[in-house]
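Trainee:
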Amino acid sequence: MSEGEVKVLGTWASPFSTRVRIALHLKSVNYEYLEEYSLESKSELLLNSNPIFKRISVLIHAGSA
Numbered sequence: 001m002s003e004g005e006v007k008v009l010g011t012w013a014s015p016f017s018t019r020v021r022i023a024l025h026l027k028s029v030n031y032e033y034l035e036e037y038s039l040e041s042k043s044e045l046l047l048n049s050n051p052i053f054k055r056i057s058v059l060i061h062a063g064s065a
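So in the UniProt record's numbering, spot 33 of the sequence shown is number 33, and the numbers just go up one at a time.
1. Could you give the DSSP three-state label for S17: helix, strand or coil?
2. Since E44 is in the alpha helix (DSSP H), which residue starts that stretch and which ends it?
3. Considering just the uninterrupted stretch of the beta strand (DSSP E) at F7, what are its terminal residues?
4. Starting from the C-beta of E35, find all residues in its chain whose C-beta is less than 8 Å away, skip the five residues before and the five after it, and write them out in chain order.
5. Alpha carbon to alpha carbon, how far is A23 from S17? Give it in angstroms, no decimals.
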């Protein structure tokens, strides 16, 4: 991941993910949106990014959540 790269890990049904995406768009921040399709089987990225709560939404900036 390059320095300054932004990723948003979320789901379409999450109002929190939507708010983050709107804010990034308004600020003209380039980001990658990663959809978490199943809340039962969580991805490795989600588990590594939010190890305590294991929930979405997660904002990853420069490799850190």
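No residue lacks a Cβ here, since even glycine has one placed at the ideal position from N, Cα and C.
Mentor: So, to answer that:
1. For the purposes of this step, residue 17 is identified with residue 17 of the sequence shown, where counting begins at 1. In this structure, S17 counts as helix in the three-state DSSP scheme.
2. The residue labelled residue 44 in the question sits at position 44 within the sequence shown. Element bounds for E44: 44 to 49.
3. Translated into the one-based positions of the sequence shown, residue 7 becomes position 7. Correcting the residue type first, residue 7 is Lys in the shown sequence and not Phe. For K7, the enclosing beta strand (DSSP E) covers residues 6 to 10.
4. Your numbering for residue 35 matches position 35 in the sequence shown. The residues are G10, T11, W12.
5. For the purposes of this step, residue 17 is identified with residue 17 of the sequence shown, where counting begins at 1. For the purposes of this step, residue 23 is identified with residue 23 of the sequence shown, where counting begins at 1. Whole-angstrom Cα-Cα distance: 10 Å.
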